[in-house]
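Residue numbers (my numbering), protein chains in the order written: chain A, 1 to 367; chain B, 368 to 734. For glycine and all other residues, C-beta sits at the position ideal for the given N, C-alpha and C.
Protein chains: 2
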Amino acid sequence: MVVPVNPLDRHSLRTRVDAALSAFLDSQGAALIAMSPELAPLPTALREFLDGGKLMRPGFCYWGWRGVLGDSATAQEEEGIVHAAASLELLQASALIHDDYMDDSDTRRGMPAIHRRFAAAHREAAWEGSDERFGAAAAILLGDVCLTWCDEMFAGNGLPAERTAAARRYFDVMRTEVMAGQYLDVLAQAHGLDEPERAAQRAQTVIRFKSAKYTIERPLHVGAMLAGGGKDVIAAYSAYGLPLGEAFQLRDDVLGVFGDPAATGKPAGDDLREGKQTLLVALAAARADSPAAIKTLRAELGNPDLDTAGVAELQDIIRSTGALDDVETRIAALTDQARAALDAAPIDAEAKTVLGELAVMATARKK
Amino acid sequence: MVVPVNPLDRHSLRTRVDAALSAFLDSQGAALIAMSPELAPLPTALREFLDGGKLMRPGFCYWGWRGVLGDSATAQEEEGIVHAAASLELLQASALIHDDYMDDSDTRRGMPAIHRRFAAAHREAAWEGSDERFGAAAAILLGDVCLTWCDEMFAGNGLPAERTAAARRYFDVMRTEVMAGQYLDVLAQAHGLDEPERAAQRAQTVIRFKSAKYTIERPLHVGAMLAGGGKDVIAAYSAYGLPLGEAFQLRDDVLGVFGDPAATGKPAGDDLREGKQTLLVALAAARADSPAAIKTLRAELGNPDLDTAGVAELQDIIRSTGALDDVETRIAALTDQARAALDAAPIDAEAKTVLGELAVMATARKK
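Below, the structure written as structure tokens:
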């Protein structure tokens, strides 16, 4: 029996990214503790948080580089790209830690969200003031630390300075895009479902910046530029990365409503309880034609006390409007589009194979 | 009559820093709006926020550079250092926007704090969900944007890459230090006044990282390294910057309790209402010997509903314990120490004059 290989394990990438992150965090954590031993909970929490990462962005960054250089790089250059790729995981940690606080999420990666973890520490120590505010402050600051460490780690990758400077343009744009995308996401929740067509449009913009570009296209671009790639590769990575990134996010949206808690590490129907304005939900609202269904959708979406029966009812409505089928069809079409672009891309053959495997992983995953 | 010149106006530094920030924000704001017109409130809010800045950190960074190079730099190099120095104002904006949210502050620089501004926009538009949570999300994200733009602006200063790389070590340490200092500050509030001696110790550590290093020593170091300065200058800037930075923060603490709202742009006694564990307050708690005074201090410090009479009562206690006199004596001694270090520093004569003026400005200010 053939055990399917996780594409991120090829050339031991996952192990090498983990090692780079560990070495960086060891050194940064020691510097924090030298300032004050009371800072120790910050690096400890961050290390445990990073352990659960899927390493999607480092994976795309590394294979974006290999697409240009193949296996022609020196060992030292390989070390440099792994270091740079690993730094993207710190950006992702920052985004998740801050998003979880904004969304009032309880858990992440099967563990308490960072703001909940520090609020619990406050309660256990019976400190003064509000445990919630303490948890919020710790999460905001740890996210800030991740953001600045991401940049520090990226800048210290050891590759030639002109390559890093060229890649930085994409690195910078990526960071602004993910924050802008998150703001638009928060704004979309505030606008609600009153105009379903506009809600669907908004959801598309959020997907583009917060997911498609941030998760796939920009990491590929950063890798390509670190390898000295040209405009043709950049264009090919956009043609592959944008549809794939959109499919990746649509899969996320489906999992947020229909996912198995045992696999996702989040409660069933978490996105429903949170009132997330995803394309899936916006389509369901736009298509629902029974007044009862529309009423339930508006009333129950974003109800923090939604129970199992309530989740099941909303799942049924979303399924019966045809919105789920539509989104699945869209995921399949976007994945096909990405694979066709990949076939035509002017890149290394092995990178092409692995990027094809990553496309499957990004869109067929259960978590 | 001689009108005293603000040292930040010498060589039109303030105007040049403002111009560099404006040009950078114009370009970044346009990029945001190109992603979605709904992002427009972010750059607008940031621009108004930056207008009120004291430009302390850009000032120390620039004069740290002039200390090494004097007036020997080319016009292009001058443009580079102003660009790099201006970037520090974005780090400060990020820290203030996030701190104000953590501290639940209503105002900053005489205007509503960023989280209040966006909460008000949510209410006015009658959007769905909690206005407070929307304001929080907008403030967290705008602070994140400032943090990443700070780094982008710093990296794009146009000075020789090896100089920027050398300065980056200090730039990186500075960013981690200010975040660590803020975490220790939040932790100090959580620990409260139960052990006044430890509270005073904690306040000292917070002052060191959150203020002395961040506001004065590190900006000087960044400027010195951008100018190719050596170890002797770095050491001299520490000898001058650390005591001055401590004095600067102690002045801030005094203003937070005794400052004139018309000058500070914050309500009178704001730090008392917030329960800020400053050295001033910790000393007052450690020295108070009347049981009534100790009881009032513990009960009223951090009471968000403290009225004018309550503020006046706490001010009287802090004054009568001798804590205010002690802190004023300490500010004077630290300022003298900084000036003595400055006299001995191996730096350009004009820079020495201006850094002396900045020492007065940092410690004798009313806001």
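Contact set between residue i and chain A, taken where Cβ atoms lie within less than 9 Å
i        : result
Glu495/B : Gln189, Ala190, His191, Gly192, Leu193, Asp194, Gly275 and Gly302
Val526/B : Here residue 526/B turns out to be Leu, not Val, going by the sequence shown. Per Cβ cutoff of 9 Å: no residues; Leu526/B is ~13 Å from chain A at best.
Met402/B : Thr176, Glu177, Ala180, Gly181, Leu184, Thr205, Arg208 and Phe209
Leu388/B : Going along chain A, no residue has its Cβ under 9 Å from Leu388/B, so there is no contact; the nearest lies around 16 Å.
Thr645/B : Within 9 Å Cβ-Cβ: nothing; Thr645/B doesn't reach chain A, min ~15 Å.
Best match in the options for proximity to residue i [C-alpha to C-alpha]
i        : options                                   : result
Gly437/B : Lys719/B, Asn524/B and Asp498/B           : Lys719/B
Phe49/A  : Leu21/A, Leu255/A, Val281/A and Arg123/A  : Leu21/A
Cys150/A : Ile207/A, Ser94/A and Ile318/A            : Ser94/A
Gly434/B : Gly626/B, Lys733/B and Gly595/B           : Gly595/B
Ala700/B : Ala614/B, Phe501/B and Leu409/B           : Ala614/B
Arg585/B : Arg732/B, Pro425/B and Arg654/B           : Pro425/B
Val257/A : Ala284/A, Val17/A and Met174/A            : Ala284/A
Leu96/A  : Arg287/A, Gly53/A, Leu342/A and His122/A  : Gly53/A
Arg500/B : Ala486/B, Leu508/B and Ala492/B           : Ala486/B
Met728/B : Ala493/B, Ile583/B, Ala707/B and Ser403/B : Ile583/B
Ala113/A : Ala126/A, Arg123/A and Ala136/A           : Ala136/A
Ala707/B : Asp620/B, Arg697/B and Ala603/B           : Ala603/B
Leu611/B : Leu380/B, Ala726/B, Asp471/B and Leu514/B : Ala726/B
Leu193/A : Leu32/A, Ala40/A, Ala34/A and Gly275/A    : Gly275/A
Ile81/A  : Pro43/A, Asp144/A, Ala31/A and Arg16/A    : Arg16/A
Pro671/B : Asp471/B, Arg640/B and Arg732/B           : Arg640/B
Integer-rounded CB distance, given that residue j should sit under 8 Å from residue i
i        : j        : result
Gln204/A : Leu279/A : 7 Å
Glu357/A : Pro7/A   : 4 Å
Val589/B : Gly431/B : 7 Å
Ile557/B : Ala566/B : Note that residue 557/B is Ala in the sequence shown here, rather than Ile. No, Ala557/B and Ala566/B are not in contact; Cβ-Cβ is about 11 Å, not under 8 Å.
Short CB-CB distance (under 8 Å) between residue i and chain A
i        : result
Asp539/B : yes
Val553/B : yes
Asp683/B : no
Met592/B : no
Ile507/B : yes
Glu405/B : yes
Thr411/B : no
Leu399/B : yes
Residue span of the alpha helix (DSSP H) that contains residue i, given as start and end
i        : result
Phe24/A  : Leu13 to Met35
Gln704/B : Ala690 to Ala711
Ile462/B : Per the sequence shown, the amino acid found at residue 462/B is Ala instead of Ile. Note, Ala462/B: alpha helix (DSSP H), Ala442 to Met469.
Leu242/A : Lys231 to Phe258
Ile661/B : Pro658 to Glu667
Trp516/B : Asp498 to Ala522
Glu562/B : No alpha helix (DSSP H) holds Glu562/B; DSSP gives it neither H nor E.
Val5/A   : Note, Val5/A: premise wrong, no alpha helix (DSSP H); not H, not E.
Ser687/B : Thr675 to Ser687
Tyr429/B : Met423 to Leu436
Listed by chain order, chain B residues near residue i by CB distance under 7 Å
i        : result
Glu197/A : By Cβ distance, chain B contributes nothing, its closest Cβ being about 16 Å from Glu197/A, past 7 Å.
Glu152/A : Asp539
Residue i: contacting residues in chain B (beta-carbon distance under 8 Å)
i        : result
Asp26/A  : The contacting residues do not exist; Asp26/A stays about 15 Å from chain B at best.
Thr264/A : Under the 8 Å cutoff, chain B gives no residues; its nearest Cβ is about 23 Å from Thr264/A.
His122/A : Ala557
Min CB distance residue i to chain B below 8 Å
i        : result
Met1/A   : Its pLDDT being 46, under 50, Met1/A is placed unreliably in this model, and the coordinates cannot settle the point.
Val222/A : no
Ala137/A : yes
Phe134/A : yes
His98/A  : yes
Arg168/A : yes
Thr148/A : yes
Asp144/A : yes
Met111/A : no
Met361/A : no
Cross-chain neighbours of residue i in chain B, by beta carbon under 9 Å
i        : result
Ala155/A : Asp518, Ala522, Ala532, Arg535 and Asp539
Listed by chain order, chain D residues near residue i by CB distance under 9 Å
i       : result
Met56/A : No chain D is part of this structure, whose protein chains are labelled A and B.
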